[in-house]
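Student: My questions will all concern the structure given below.
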Amino acid sequence: SSTERSYVMIKPDGVQRGLVGEIISRFERKGFTIKGLKLFSCPAALAEEHYKDLSSKPFYPKLVKYITSGPVVCLALEGPGVVASARKLIGVTNPLQAEPGTIRGDLGIETGRNVIHGSDSPENGEREIALWFKEGELCEWEPTLTPWLRE
Ligand code: DAT
Ligand code: MG
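Offset between the sequence shown (1-based) and full-length UniProt numbering: plus 68.
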């Protein structure tokens, strides 16, 4: 549906490398609507909750350390099919395997420094947006451009 939302996050390596504008620009150009946007230093408890499905993996402690190693940029994106489309724009988990043209394919070389996160289902999109954004941090707005993007 057109109200589908994805939680997208530029990870600390993306922020440190000055890729914030480059990355946000790709989602803007594609036509998704930014409903939430902030720079944020995330506490370990939040990173642990966000990645709780991976808590049994050997790389989980390093993953939590990485995500909390510096500020991240949190994005709530909305639009038809935004969850799957954002995953396509992002590329597969290992940047060396990600296609050129994708964010990870163009900008990264290691799984443990893969620049960006995107929700893997609409349900997780809602779960993650609720986790990372507080009440009042999201904007209810509709761009005047919408009729030029959607019939
Ligand atoms: P994705 O971020 O593509 O949805 P995921 O949900 O399977 O991938 O894993 C979340 C993050 O955990 C991923 O972006 C990087 C890290 N990760 C995944 N598999 C890993 C591995 N085998 N070794 C190190 N880090 C890994
Ligand atoms: Mg995932």
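Every residue, glycine too, gets a C-beta built ideally from N, C-alpha and C.
Using only CA atoms, which one of Leu131, Ala115, Gly99 lies nearest to valine 150?
Tutor: Measuring from the Cα of valine 150, the nearest candidate turns out to be Gly99.
Student: Among Glu72, Val76, Ser123, which residue has its Cα nearest to the Cα of arginine 155?
Tutor: When only C-alpha atoms are compared, the closest one is Val76.
Student: Is it true that the CB of threonine 161 sits closer than 8 Å to the CB of threonine 179?
Tutor: Closer than 8 Å, so yes.
Student: Return the Cβ separation of glycine 104 and valine 183 in integer angstroms, given the expectation that the two are a contact with Cβ distance under 8 Å.
Tutor: Between valine 183 and glycine 104 the Cβ distance is about 19 Å, and since that is not below 8 Å, they are no contact.
Student: Identify whether serine 69 lies in helix, strand or coil by the three-state DSSP scheme.
Tutor: Annotation note: pLDDT 49 at serine 69 (below 50); position unreliable, coordinate value reported separately. If DSSP states are grouped into helix, strand and coil, serine 69 belongs with coil.
Student: As an exercise, report each continuous beta strand (DSSP E) stretch of at least 3 residues that is fully enclosed by the region 83 to 122, in chain order.
Tutor: Counting only runs of 3 or more, we get 101 to 108.
Student: Taking glycine 147 as the reference, which of Glu196, Gly169, Phe95 has the closest Cα?
Tutor: Here the closest residue by C-alpha is Phe95.
Student: Would you give the residue range spanned by the alpha helix (DSSP H) that leucine 217 belongs to?
Tutor: First-last of the alpha helix (DSSP H) with leucine 217: 214 to 217.
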